[in-house]
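Note sheet for the following structure.
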Amino acid sequence: MTDQTDSTGCITRFAPSPTGHLHIGGARTALLCWAFAKANGGKFVLRIEDTDQTRSSESSMRGILEDMAWLGIEWDEGPELSFEGKDLGGDPRAVGPFFQAQRLDLYNTHIRTLIEAGKAYPAFEAPEVLDAARKEAIAAKTGYKYNRAGLEISLEDRIARMDAGEAHVVRLMMPDESITVHDAILGDVTVEPSEFDDFIIRKRDGFPTYHLAVVVDDALMGVTHVLRGQEHLINTPRHIAIQRALGFDTPSYGHMPLIFNPDGSKMSKRDKDKLAKKAVKEQKIESCPIEGVSDEDFAKWLKDKTRQLASDDLIALAEVLGITLPEIDVEDFRRAGYLPGALNNYLALLGWNPKVKNEDGTDLEHFDMDYLGQHFTTGGMSKGQSKFDRVKLMSFNGDAIAALSDEEFASLWFAWAQQYDAELAGRFDEAAMLTLAPAVKTRCKTLADGRTIVGFALVADDAIEYDGKAVHKALIKGDKKGLELLTGFRSVVAAMDDFTPDAIEVAVKDYAESQEVGMGKLAQPLRVAATGAAVSPPLGQTLAILGKDAVAKRIDLCEAYVEAQVSAAS
RNA sequence: GGCCCCAUCGUCUAGCCGGGUCCAGGACACCAGGUUUUCAUCCUGGUAACGCGGGUUCAAAUCCCGCUGGGGUCACCA
Numbered sequence: 007m008t009d010q011t012d013s014t015g016c017i018t019r020f021a022p023s024p025t026g027h028l029h030i031g032g033a034r035t036a037l038l039c040w041a042f043a044k045a046n047g048g049k050f051v052l053r054i055e056d057t058d059q060t061r062s063s064e065s066s067m068r069g070i071l072e073d074m075a076w077l078g079i080e081w082d083e084g085p086e087l088s089f090e091g092k093d094l095g096g097d098p099r100a101v102g103p104f105f106q107a108q109r110l111d112l113y114n115t116h117i118r119t120l121i122e123a124g125k126a127y128p129a130f131e132a133p134e135v136l137d138a139a140r141k142e143a144i145a146a147k148t149g150y151k152y153n154r155a156g157l158e159i160s161l162e163d164r165i166a167r168m169d170a171g172e173a174h175v176v177r178l179m180m181p182d183e184s185i186t187v188h189d190a191i192l193g194d195v196t197v198e199p200s201e202f203d204d205f206i207i208r209k210r211d212g213f214p215t216y217h218l219a220v221v222v223d224d225a226l227m228g229v230t231h232v233l234r235g236q237e238h239l240i241n242t243p244r245h246i247a248i249q250r251a252l253g254f255d256t257p258s259y260g261h262m263p264l265i266f267n268p269d270g271s272k273m274s275k276r277d278k279d280k281l282a283k284k285a286v287k288e289q290k291i292e293s294c295p296i297e298g299v300s301d302e303d304f305a306k307w308l309k310d311k312t313r314q315l316a317s318d319d320l321i322a323l324a325e326v327l328g329i330t331l332p333e334i335d336v337e338d339f340r341r342a343g344y345l346p347g348a349l350n351n352y353l354a355l356l357g358w359n360p361k362v363k364n365e366d367g368t369d370l371e372h373f374d375m376d377y378l379g380q381h382f383t384t385g386g387m388s389k390g391q392s393k394f395d396r397v398k399l400m401s402f403n404g405d406a407i408a409a410l411s412d413e414e415f416a417s418l419w420f421a422w423a424q425q426y427d428a429e430l431a432g433r434f435d436e437a438a439m440l441t442l443a444p445a446v447k448t449r450c451k452t453l454a455d456g457r458t459i460v461g462f463a464l465v466a467d468d469a470i471e472y473d474g475k476a477v478h479k480a481l482i483k484g485d486k487k488g489l490e491l492l493t494g495f496r497s498v499v500a501a502m503d504d505f506t507p508d509a510i511e512v513a514v515k516d517y518a519e520s521q522e523v524g525m526g527k528l529a530q531p532l533r534v535a536a537t538g539a540a541v542s543p544p545l546g547q548t549l550a551i552l553g554k555d556a557v558a559k560r561i562d563l564c565e566a567y568v569e570a571q572v573s574a575a576s
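Our numbering applies: residue 7 is where the first sequence begins, and numbers increase by one.
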């Protein structure tokens, strides 16, 4: 076995199967594969593993490509995609195609070679027969292993029957020797031959299994380093066996720890459906409350825990149920207003550590893609499983947002709103968001949070809901000074020409001084009048966002409201 | 259940390979102060961990063994 530790010409790959959205765990695998290639001056290849004919889909494939591009995990070779002016993918080394379903001839050639060399063989048992044997073994509490019954027939006969078109699978003749994986993250892992049987490398439908396809493709595409999830660790000896049978070099392997939910359960794409099903049951909903899904499909979905609703339907359902779905797929995080840089940063740090100190002695935790692409090493990976902490991610995201210039923030926020919050995008254009930026940036952890912060500007002047406590404290309590100040400031507002945040701040300050009260005495009544609540961005910004006319109107409305409250109480 | 992987604050981790400088450092969260016209930001301080039991050693978070716990895997899915 050749262990390729030489990084020159290093090639890594990410090979998702297009059976759903890009899962956050998959994104991390892709990110680290990308980082490893970059850090070693190599290439990152994207390959689509669509050998499962029943589950693969074109739309899922496109979604995965776009999610990766959005994250900025750019593949050098693979399916082509234009994204925000960048052309990704391509086949400069002529090692494609990058869709396994288009590579059947390649697999069949290699399978034929194996069969003729006696290293693999066709077997003709019906699936039912094997299933029965497996069930029997489980019932008897012994491990099931294929019994090599297929070998009872002579090789010539087997090949003849196969060539005559008889239904069959092809199995690899597993050698009777232990196999050691030299794992870059976990160290050496040895598995005994008793743990293996002659596993299938080509299915009845003529498609190769994952094991065969991945080995042939990695070899033919020149992949030198394989980084993948730890769930594949046990598969690796099988892959090494195929490589040896075919005379291929064995790439360097690194198996990464898996990511879990905070409660310790596995982070699954079904988590969203699971939560929705629970809510439906708790709320005792009988028929489907959303359009586009029939009651029949709804009932099936509810009963079958493996069944998933389409993404849009699930979002609509969550809204009806009043629940928040957990973010699981990259798309979910994008919708929730996370920045790709922050997501990548957090994802990389979940299981990898640069082990570098900042000048102030704290550990380096915040870094960008350039840094990752220069410094990533498998040696910095931890071995243990980790839990996905959304709170820390959110903190990273808030930091990333705060670090944005006002212009960058406005641009990103507007683009986000156009895609996910039409009402917000309709109320504020990018220029308006630029004026909002200083007020919003330090107050939101995600782009979606921004809406809450400027929520007061989203409601009509006469539709403000007043926070009773806030009104009482700022305007009614005590000697009614709050209301007087508010009324007095009303005429100051009316006389202002320059209604900008700075001008407003000055006006408020001056008026407070002229009345010989502290800023707060005037600021809080104004804030309550303008927003209905005791909490808002700085007053100058808050009032400027609304505009002079709206502020004047809201002061009038508030006064009327307070008077009504006071007379009702007395 | 068999086999395989893993195990430091609530969470992510540094330290472990080359035992002593670790009554264990950082980050997020949390708590208490401070700055601030509110909120947020920001600043200061604090609570909090080597899973358990054996060894080896003058000395163990660091090395060895066992246990416990978590996870993966046992498909004509990938």
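We put the beta carbon where it would ideally sit given N, CA and C, even for glycine. Computed from a predicted structure; not experimentally measured.
Residue i to residue j span [Cα, whole Å]
{"i": "T11", "j": "A75", "result": "Here T11 scores only 43 on pLDDT, less than 50, and its place in the model should not be relied on; the value that follows carries that caveat. Each residue's Cα considered, the two are about 29 angstroms apart."}
{"i": "V572", "j": "V446", "result": "34 angstroms"}
{"i": "L402", "j": "F373", "result": "Correcting the residue identity first, residue 402 is Phe in this sequence and not Leu. Taking the straight line from one Cα to the other gives about 10 angstroms."}
{"i": "H245", "j": "A443", "result": "53 angstroms"}
{"i": "V498", "j": "G456", "result": "30 angstroms"}
{"i": "M273", "j": "D73", "result": "18 angstroms"}
{"i": "P103", "j": "Y113", "result": "13 angstroms"}
{"i": "L563", "j": "L430", "result": "24 angstroms"}
{"i": "A570", "j": "S576", "result": "10 angstroms"}
{"i": "S388", "j": "G367", "result": "22 angstroms"}
{"i": "A322", "j": "V299", "result": "11 angstroms"}
{"i": "G328", "j": "K309", "result": "21 angstroms"}
{"i": "G390", "j": "I191", "result": "10 angstroms"}
{"i": "D303", "j": "A145", "result": "35 angstroms"}
{"i": "D242", "j": "D58", "result": "Note that residue 242 is Thr in the sequence shown, not Asp. Looking at the two C-alpha atoms, the distance is approximately 20 angstroms."}
{"i": "D508", "j": "G546", "result": "6 angstroms"}
{"i": "G404", "j": "L353", "result": "15 angstroms"}
{"i": "V557", "j": "R496", "result": "9 angstroms"}
{"i": "D555", "j": "K275", "result": "49 angstroms"}
{"i": "G432", "j": "E414", "result": "19 angstroms"}
Residue i - containing alpha helix (DSSP H), residue span
{"i": "Y517", "result": "P507 to S520"}
{"i": "P128", "result": "Not the alpha helix (DSSP H): P128 falls in the beta strand (DSSP E), residues A126 to A129."}
{"i": "M439", "result": "E436 to K447"}
Exposure of residue i, with buried meaning 16 or more beta-carbon neighbours within 10 Å
{"i": "V460", "result": "buried"}
{"i": "A529", "result": "buried"}
{"i": "N153", "result": "exposed"}
{"i": "Q380", "result": "exposed"}
{"i": "T330", "result": "exposed"}
{"i": "R313", "result": "exposed"}
{"i": "F49", "result": "Residue 49 is actually Lys in this sequence, not Phe. It counts as buried."}
{"i": "A170", "result": "exposed"}
{"i": "K483", "result": "exposed"}
{"i": "P85", "result": "buried"}
{"i": "G553", "result": "exposed"}
Distance CB(residue i)-CB(residue j) smaller than 8 angstroms
{"i": "V229", "j": "I17", "result": "yes"}
{"i": "L464", "j": "V568", "result": "no"}
{"i": "A428", "j": "G343", "result": "no"}
{"i": "L77", "j": "L349", "result": "yes"}
{"i": "A36", "j": "F20", "result": "yes"}
{"i": "A126", "j": "M179", "result": "yes"}
{"i": "A437", "j": "T506", "result": "no"}
{"i": "T458", "j": "M400", "result": "no"}
{"i": "H29", "j": "I470", "result": "no"}
{"i": "M560", "j": "D467", "result": "The residue asked about is misnamed: residue 560 is Arg in this sequence, not Met. Contact flag set, yes."}
{"i": "S23", "j": "D56", "result": "yes"}
Span of the beta strand (DSSP E) around residue i
{"i": "L87", "result": "G84 to F89"}
{"i": "R208", "result": "I206 to R208"}
{"i": "I246", "result": "First-last for I246: T242 to L252, but that is the alpha helix (DSSP H), not the beta strand (DSSP E)."}
{"i": "L233", "result": "H231 to G235"}
Whole-number beta carbon distance between residue j and residue i, since they are thought to touch under 8 angstroms
{"i": "A285", "j": "L320", "result": "Incorrect: roughly 11 angstroms between the Cβ atoms, too far for contact."}
{"i": "A480", "j": "A406", "result": "A480 to A406, Cβ: 35 angstroms. No contact."}
{"i": "V336", "j": "A33", "result": "5 angstroms"}
{"i": "G31", "j": "G235", "result": "7 angstroms"}
{"i": "L52", "j": "F382", "result": "At roughly 18 angstroms, the Cβ-Cβ gap does not stay under 8 angstroms, so L52 and F382 are not in contact."}
{"i": "S66", "j": "G124", "result": "Between G124 and S66 the Cβ distance is about 39 angstroms, and since that is not below 8 angstroms, they are no contact."}
{"i": "M502", "j": "V514", "result": "Not confirmed; about 11 angstroms, so no contact."}
{"i": "P531", "j": "D395", "result": "41 angstroms between Cβ atoms; not a contact."}
{"i": "K527", "j": "A536", "result": "Incorrect: roughly 16 angstroms between the Cβ atoms, too far for contact."}
{"i": "G386", "j": "P360", "result": "6 angstroms"}
Cβ-heavy atom distance, residue i to the ligand MG, below 7 angstroms
{"i": "D516", "result": "The ligand content of the structure shown is nil, which means the ligand MG is not present either."}
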